[in-house]
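Participant: Sharing a structure here in structure tokens format.
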Amino acid sequence: MAQDTLDINLNMKHIVGNSAEFDRSKFMVYHESITGNEWDSDQQRASFLNDYDVYLGRNNGSIVWEFNQVREDPNRKGWPDPQHIQQKGEETRKNYARRTAAHELEHRIVTSMEGGQMSPMYPNGQKTKPSSCCSDASPWEYENYDAVAEFYSGYLTHYFGEGGTTGKQKPLMLEVLNEPFVKASQYNTSNIEIARMHNVVAQRVKKDHPDVLVGGYTAAHPAFESADFKHWDNNWRMFIDEAGENMDFFSFHLYDFVGDQDTMLEKQRKGSNIEAIMDMINHYSVLQLGEVKQWSISEYGWFCPSCDGPYYPERDWYNVRSFSSMLLQLLERQDQIINAIPFLLTKATWAHNKAEDEYNAYGPRLMRELGEMEGEAPHSGYVYTDLIKFFQLWANVKGTRIDTKPNDFDLLSDAYVDGDKLYLILSNLNPEEKEVQLNISELSNYPVENIMVKHAYEINKLTQLDTINYTEHLDKVTLGAEATMILEYTFASAFDISETKTENLFYASSYLQPIKANLPVHFSINNVTTTDHGEAILRIGLGRDLDKSLDPTLTVNGTSIPFPKNWRGNGQENRDRFFGVIEVPIPYELIKENNDISINFSDNGGHVTTLILKTYDLSVPVERSTFKDGNVDKPLGLGQYSEELKVYPVPSDHLLHIKGLSNKDSYQILSLSGEVLISSDQQTIDISGLNNGIYILTVTTENGIRSRKIIKQ
25 MAQDTLDINL NMKHIVGNSA EFDRSKFMVY HESITGNEWD SDQQRASFLN
75 DYDVYLGRNN GSIVWEFNQV REDPNRKGWP DPQHIQQKGE ETRKNYARRT
125 AAHELEHRIV TSMEGGQMSP MYPNGQKTKP SSCCSDASPW EYENYDAVAE
175 FYSGYLTHYF GEGGTTGKQK PLMLEVLNEP FVKASQYNTS NIEIARMHNV
225 VAQRVKKDHP DVLVGGYTAA HPAFESADFK HWDNNWRMFI DEAGENMDFF
275 SFHLYDFVGD QDTMLEKQRK GSNIEAIMDM INHYSVLQLG EVKQWSISEY
325 GWFCPSCDGP YYPERDWYNV RSFSSMLLQL LERQDQIINA IPFLLTKATW
375 AHNKAEDEYN AYGPRLMREL GEMEGEAPHS GYVYTDLIKF FQLWANVKGT
425 RIDTKPNDFD LLSDAYVDGD KLYLILSNLN PEEKEVQLNI SELSNYPVEN
475 IMVKHAYEIN KLTQLDTINY TEHLDKVTLG AEATMILEYT FASAFDISET
525 KTENLFYASS YLQPIKANLP VHFSINNVTT TDHGEAILRI GLGRDLDKSL
575 DPTLTVNGTS IPFPKNWRGN GQENRDRFFG VIEVPIPYEL IKENNDISIN
625 FSDNGGHVTT LILKTYDLSV PVERSTFKDG NVDKPLGLGQ YSEELKVYPV
675 PSDHLLHIKG LSNKDSYQIL SLSGEVLISS DQQTIDISGL NNGIYILTVT
725 TENGIRSRKI IKQ
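In the numbering used here, the protein residues as written are 25 to 737.
What follows is the structure, encoded as structure tokens:
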């Protein structure tokens with residue numbers, strides 16, 4: 025079992041920008057509106073939100089519905105009828121006025137956001153789809169972006185009030201369209217045209233509603249490294265160039281992703297890949313716009329489109345796991361993020377229901393129907409899925425952020441102090457458990473009265489949430505594989521937080537530089553300020569093929585710096601290329617006002633994508649545990665071959681056969697997160713001991729490694 029150390033300084037506030045608090049209205053947000061209609065009762069909705077201290081964040085349905093119901097202006101073809109918008113808005117406000125149970129929850133919509141959809145809101149000749157239940161309109165076509173912007177503005181003007189009987193409060197934010205670029209060809213348009221629509225809508229809305237933040241482009245799959253960064257050029261870079269100045273915030277989605285239905289290999293973003301995506305958006309924004317924009321991470325979690333189907337609880341574990349680890353990474357940017365929303369829906373009764381399906385086949389749901397699991401009375405009501413455990417785990421966390429620092433990149437940590445409470449959060453990016461030594465300073469000054477430990481982990485891919493109370497300090501804890509633990513300390517008295525740790529970011533004057541063998545890539549980071557005491561990390565973004573080196577020679581101001589062999593998360597072996605940030609500790613005394621950095625690889629190909637210096641100004645020096653660099657995450661360049669494996673039957677409930685194995689071949693059966701469950705070289709596999717669900721079979725031959733999806737049922 026791996027052993028790490030976590031340093032915690034109880035008396036040192038950790039400040040990022042102007043933020044040092046755990047803002048639950050930003051980070052404990054549910055993907056639902058205050059008028060969502062899938063709850064069993066108003067009481068159930070209120071209980072969920074209040075008991076777990078959750079806020080409401082995103083609605084991508086209401087504006088679409090109302091867009092469809094509005095009549096065409098009889099005096100202006102292709103434009104919405106302003107009188108009908110006003111009439112429909114008044115009806116909506118009156119309807120909300122009658123929903124008094126919702127009024128009591130209005131404090132739960134601090135960072136609420138409304139968003140549009142390509143269908144029917146992109147004006148490409150498609151007609152509206154009015155419903156006879158609620159409108160006398162006939163289908164008609166919006167003429168252009170200005171006509172659509174007219175509706176957006178009218179919607180914000182007439183469909184909202186000041187809360188209570190005046191109507192639902194106006195949203196803080198507007199996402200113009202949801203994931204539009206991946207649908208551009210479907211709507212016979214282009215990314216740049218969609219960006220231009222963002223400009224038109226933003227300019228109109230900000231003119232009429234300066235209190236509403238407008239953003240986009242709500243990126244579905246920010247695979248910047250694809251096609252040697254052509255994806256970046258044609259998507260995010262183009263959008264920043266074309267529409268960046270008009271955006272109040274940028275929005276994008278982050279998923280650990282299982283896409284290939286044959287191999288079922290998981291391409292994880294959590295870890296270094298998320299960091300590379302976020303650093304690249306920020307670095308280019310600074311160079312092009314002179315600032316970083318605020319962000320909405322309007323969806324994040326685990327996405328497996330081929331996993332939709334009958335409910336199985338193993339699927340929930342992957343989301344609970346990804347929600348917590350990604351959240352800890354996003355919390356490092358709490359000054360920049362307006363909201364971050366784990367993606368799950370309440371019941372999703374509207375989605376993915378085929379005539380032949382007795383039950384809903386949608387994936388991430390907060391509630392499922394009784395009868396979806398064996399032994400339950402069919403269609404006898406709804407219960408929470410295991411996704412509720414994410415909210416139970418995080419229910420109490422609040423307070424002022426204090427200093428924590430692990431000695432291993434694969435251990436994520438954070439901590440908050442509130443009165444006599446300390447909330448210490450640990451998350452493991454490794455697919456194996458680790459022991460963590462807790463090195464808490466000032467502990468002798470604050471006697472411990474109680475420690476409540478919540479531990480979210482898995483057994484056979486089923487989500488476990490243990491809660492155990494202790495009355496004495498814990499020197500160390502055991503953190504499960506890809507698990508998250510929150511320790512809630514109650515001390516005899518409140519803390520004196522008298523010291524500070526202030527975080528700063530300094531960007532290089534260039535980005536996205538090609539790598540050529542034995543030719544140093546030079547960067548300059550200027551106008552850096554330092555204090556008497558501090559720490560520094562050089563964040564180096566790299567995009568390279570998996571068989572390329574990630575071990576360059578690095579010099580900072582003429583001094584050679586050891587390059588880590590380890591980084592956050594895995595080696596990205598399942599991705600087409602490595603794209604991640606490697607964080608290099610730099611001696612603080614080496615930092616100057618103007619800094620020269622040189623990076624030299626021994627092989628050709630790929631790019632240094634970003635270079636950012638992160639400094640921590642400390643009011644007093646602190647002692648740190650020795651940093652570990654022994655767990656090598658380096659991609660091995662394993663070739664993926666496309667030969668067909670003869671694996672049958674799939675699905676299977678007992679025996680699985682592999683045809684064509686040679687005497688030298690072997691195989692493993694892995695969970696979707698990469699844990700080895702079975703290893704053998706026999707041509708018949710007994711999988712009866714596995715839980716029902718989806719697994720990966722990897723066969724190692726003389727020609728490389730081949731993978732296929734298998735299903736145990």
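Ideal placement from N, C-alpha and C gives every residue a C-beta, glycine not left out. This structure is a prediction, so every number in the text was calculated from the model and none was measured.
Starting from THR487, follow its DSSP beta bridges and name the residues at the other end.
Facilitator: GLU482
Participant: For TYR146, which residues from the same chain have a beta carbon less than 6 Å from its beta carbon, with the 5 sequence-adjacent residues on both sides left out?
Facilitator: TYR211
Participant: From the DSSP output, which residues share a beta bridge with ASN474?
Facilitator: THR514
Participant: For VAL656 and ASP410, I'd like the C-alpha separation in whole angstroms.
Facilitator: For VAL656, the predicted model reports a pLDDT of 48, less than 50, meaning its position is unreliable and no value from the coordinates is stated.
Participant: Does the beta-carbon of MET397 have 16 or more other beta-carbons within 10 angstroms, so that it is buried, or is it exposed?
Facilitator: exposed
Participant: Tell me the rounded alpha-carbon separation between ASP689 and GLN707.
Facilitator: 10 Å
Participant: Can you round the beta-carbon distance between TYR719 and LEU694 to whole angstroms, since I take them to be within the 8 Å contact cut?
Facilitator: 7 Å
Participant: Rounded to the nearest angstrom, what separates ILE15 and ALA126 at their Cα positions?
Facilitator: Because residue 15 is not part of the residues shown, which for the chain are 25 to 737, the question remains open.
Participant: Whose CA, out of PHE414, ARG293, VAL608, lies closest to the CA of ASP77?
Facilitator: PHE414
Participant: So the alpha helix (DSSP H) PRO144 belongs to, where does it begin and stop?
Facilitator: Annotation for PRO144: the continuous alpha helix (DSSP H) segment containing it runs 142-145.
Participant: State yes or no: is the C-beta of GLU138 within less than 7 Å of the C-beta of ILE218?
Facilitator: no
Participant: Closest by CA to SER21, which one among GLN107, ASP432, PHE587?
Facilitator: Here the chain has residues from 25 to 737 only, and residue 21 is not among them.
Participant: Considering only DSSP beta bridges, list what ARG732 is partnered with.
Facilitator: LEU721
Participant: Which runs of the beta strand (DSSP E), 3 residues or longer, sit entirely within the segment 401-470?
Facilitator: 406-408, 424-430, 435-442, 445-452, 458-465
Participant: Along the chain, where does the alpha helix (DSSP H) containing PHE72 start, and where does it finish?
Facilitator: 66-75
Participant: Is ASP28 near PRO430, with beta carbons less than 7 Å apart?
Facilitator: yes
Participant: Excluding the 5 residues flanking SER451 on each side, which residues of the same chain have their C-beta closer than 6 Å to its C-beta?
Facilitator: SER348, SER349, LEU352, LEU436, THR508
Participant: Below 8 Å on the Cβ atoms is my contact criterion, and I expect MET271 with GLY314 to pass it. Report the Cβ-Cβ distance as a whole number of Å.
Facilitator: At roughly 14 Å, the Cβ-Cβ gap does not stay under 8 Å, so MET271 and GLY314 are not in contact.
Participant: So, ASN619 versus ILE549, is the Cβ gap smaller than 7 Å?
Facilitator: yes
Participant: Could you check what DSSP says for PHE347 in three-state terms: helix, strand or coil?
Facilitator: helix
Participant: For GLN110, which residues from the same chain have a beta carbon less than 6 Å from its beta carbon, with the 5 sequence-adjacent residues on both sides left out?
Facilitator: Taking C-beta separations shorter than 6 Å and ignoring five residues to either side along the sequence, the partners of GLN110 in its chain run HIS182, following chain order.
Participant: Provide the residue span of the beta strand (DSSP E) that contains ASN619, from first to last.
Facilitator: 619-624
Participant: Between the alpha carbons of THR495 and ASP444, how many angstroms are there, rounded?
Facilitator: 15 Å
Participant: DSSP beta-bridge partners for THR29?
Facilitator: GLN461
Participant: Could you tell me which of HIS631, TYR691, ARG563, PRO645 sits nearest to PRO609, measuring between CA atoms?
Facilitator: ARG563
Participant: What distance in whole Å lies between the Cβ atoms of VAL407 and ARG392, which are believed to be in contact at a cut-off of 8 Å?
Facilitator: 7 Å
Participant: According to DSSP, is ASN215 helix, strand or coil?
Facilitator: DSSP places ASN215 in helix when its eight states are reduced to three.
Participant: For SER548, which of helix, strand or coil comes out of DSSP?
Facilitator: Three-state result, SER548: strand.
Participant: Label ALA375 either buried or exposed according to how many other C-beta atoms from any shown protein chain fall within 10 Å of its C-beta, with 16 as the threshold for buried.
Facilitator: exposed
Participant: Residue range of the beta strand (DSSP E) that GLU114 falls in?
Facilitator: Here GLU114 belongs to no beta strand (DSSP E); instead the alpha helix (DSSP H) covers 106-121.
Participant: Run through DSSP, which three-state label would MET262 get?
Facilitator: helix
Participant: Contact check, PHE603 vs ALA300 under 8 Å by CB: the rounded distance?
Facilitator: 5 Å
Participant: Is the beta carbon of ASN598 less than 7 Å from the beta carbon of LEU201?
Facilitator: no
Participant: I'd like the ranges of any beta strand (DSSP E) spanning at least 3 consecutive residues and lying wholly in the segment 309-377.
Facilitator: 318-327, 361-366
Participant: Run through DSSP, which three-state label would ASP641 get?
Facilitator: Under the three-state reduction of DSSP, ASP641 is assigned to strand.
Participant: Roughly how many angstroms lie between the CA atoms of GLU457 and HIS678, to the nearest whole one?
Facilitator: 29 Å
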